[in-house]
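Residue numbers (this note's numbering), protein chains in the order written: chain A, 2 to 215; chain B, 2 to 215.
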DNA sequence: CGTGCATGTTACTTGCGGTAACCGCAGTCT
DNA sequence: AGACTGCGGTTACCGCAAGTAACATGCACG
């Protein structure tokens, strides 16, 4: 019964944790990445120290929250990647899925990408080595794995796949970020342009008249 | 004489400003993106309010500092872009230049990429819409311009060039960030892999045996 | 009943961005 | 000379957010 009690407690703790995460989600969706711990606690109907008991520090809460969204997004991306179509179509579907996601919930997206990692706690041991958003890294690694699994890249293929994974993800991210800010064209146009880039059009397009090309 | 006096003052103010920027540079190089205004002021041998008189707020100082480095980096990139060689070589040179820069001074690079934009001033009007690092945007626009100037992309070419500019820059950035953290290969290898990606190898490589390719 | 133990609170500390108010010294005007 | 002004500088402060210590409460178990 000690065990049953433990599990009971653990269950309730997990439920609580989820409620807290959903509250955090709501407030982040409303206030953006600058959501304060106080605000999140208030939204959850409790006070700060409980948050800290559950998540350690803000980074912990961020990590938990990010994991949820990242997992969800990665699931969508995997689905697009696994669709029964040719390579180009799958690439386009994946790009479109990502762009649709960031378009649908820009606030969450910004939170994931810009954790505002600066730490000014008395303790300077905050991990400064952490820099870019974990989301990018995870997407990069994931894509790398898919590439490596499915394409025959020859010797050194694993490394090449990782470079490509991170590179493609970065391309998607930067273009998406820019597009989200300026909305210079439709989503489908953007997808086509990026896919064209990935398909090597940069290498084959002609120079402009009167000078050496790019 | 009013004018001469004004210019004198302006000169000295500009000199001061430069000194301050160099001090800020030093401390950012030492402490990373989390450098505090106090620390910067101390390094410059003065106190906070002067910094604020010169730069308005932290964002202003960041912007000034970022402009310096961004300008310098963009100059290098332009040089690489303008080298007398064929397109592929120029692309590789550009990638290598960027990677060499971030490799040489990772702290500055992190500062530029992650301004820790969160604003908690009493004034809530802080521009939350600003998100990703201006450096990325500027590089993207710059590259877009070069692409648009030199390549004949047909109708809609300007838009395509911008997408590509931001996309390529993002690819470079994400791959570089990952590489800087894990150092999985040499810089030249990374450059080759990225250039291969840009050259459309993704589209032409064979599927792995036994399943549909990526 | 009292003893754990998890849950919750209030009240505090620290450190940062940002500002107000004051200081002192050049030069200038009368 | 002596009051006026502008500018580089400082101290001392506000507000706010992260994070913590210490105290309160409810509930199972012996």
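Note that CB positions come from ideal geometry on N, CA and C, so glycine has one too.
query                                                                                                                                                               : result
Where residue 42 of chain B and residue 175 of chain A are concerned, what is the direct C-alpha to C-alpha distance, given to the nearest angstrom?                : 34 Å
Provide the residue span of the alpha helix (DSSP H) that contains residue 202 of chain B, from first to last.                                                      : 202 to 205
Is residue 208 of chain A helix, strand or coil by DSSP?                                                                                                            : strand
Quick one: which residues of the region 170 to 194 of chain B get their C-beta closer than 7 Å to a C-beta of chain A? List them in chain order.                    : 170, 171, 172, 174, 175, 176, 178, 179, 185, 186, 191 and 194
Using a Cβ-Cβ cut-off of less than 8 Å, give me the residues of the region 90 to 107 of chain A that come near chain B, in sequence order.                          : 91 and 92
For the region 19 to 46 of chain A, enumerate the residues whose C-beta is nearer than 8 Å to any C-beta of chain B, in chain order.                                : 33, 34, 35 and 37
Can you grab the Cα-Cα spacing for the pair residue 20 of chain B / residue 35 of chain B, in whole Å?                                                              : 20 Å
Bridge partners of residue 78 of chain A, per DSSP?                                                                                                                 : Bridge partners of residue 78 of chain A: none, in fact.
Does any CB atom of chain B fall closer than 7 Å to the CB of residue 159 of chain A?                                                                               : no
In chain order, what residues of the same chain lie with their CB nearer than 8 Å to the CB of residue 114 of chain A, ignoring the 5 residues before and after it? : 134, 136, 137, 174 and 178
In chain A, which residues lie with their C-beta within 7 Å of the C-beta of residue 168 of chain B?                                                                : 172, 175, 176, 195 and 198
Residue 15 of chain B CB to nearest chain A CB: under 7 Å?                                                                                                          : no
Quick check: the Cα distance between residue 73 of chain A and residue 66 of chain A, rounded to an integer number of angstroms?                                    : 11 Å
What span of residues does the alpha helix (DSSP H) with residue 55 of chain A cover, start to end?                                                                 : 49 to 56
For a cutoff of 7 Å on Cβ pairs, would you count residue 139 of chain B as touching chain A?                                                                        : no
What would DSSP say about residue 154 of chain B, mapped onto helix, strand or coil?                                                                                : coil
With a threshold of 16 other CB atoms inside 10 Å of the CB of residue 149 of chain A, please say whether the residue is buried or exposed.                         : buried
Whose Cβ in chain A lies nearer than 7 Å to the Cβ of residue 201 of chain B?                                                                                       : 200, 201 and 204
Measure the CB-CB distance between residue 109 of chain A and residue 194 of chain B and report whether it falls below 7 Å.                                         : no
What number of angstroms, rounded off, separates the C-alpha of residue 180 of chain B from the C-alpha of residue 186 of chain B?                                  : 8 Å
Distance check for residue 52 of chain B and residue 83 of chain A, CA to CA, integer angstroms please.                                                             : 54 Å
Got a sec, what are the start and stop residues for the alpha helix (DSSP H) residue 97 of chain B sits in?                                                         : 88 to 105
7 Å is my cut-off, CB to CB: does residue 73 of chain B come that close to chain A?                                                                                 : no
From the beta carbon of residue 152 of chain A, is the nearest beta carbon of chain B less than 7 Å away?                                                           : yes
Give the residues of chain B in contact with residue 164 of chain A, contact being defined as C-beta atoms less than 7 Å apart.                                     : 176, 191, 194 and 195
Note down the Cα distance separating residue 142 of chain B from residue 56 of chain B, rounded to an integer number of angstroms.                                  : 26 Å
What separation, rounded to the nearest whole angstrom, lies between the Cα atoms of residue 167 of chain A and residue 105 of chain A?                             : 23 Å
To the nearest angstrom, report how far apart residue 200 of chain B and residue 81 of chain A are at their CA atoms.                                               : 24 Å
Residue 59 of chain A: which of A/40, A/77, A/203 and A/13 sits nearest, CA to CA?                                                                                  : A/40
Would you kindly report the start and end of the unbroken alpha helix (DSSP H) that includes residue 184 of chain B?                                                : Note, residue 184 of chain B: premise wrong, no alpha helix (DSSP H); not H, not E.
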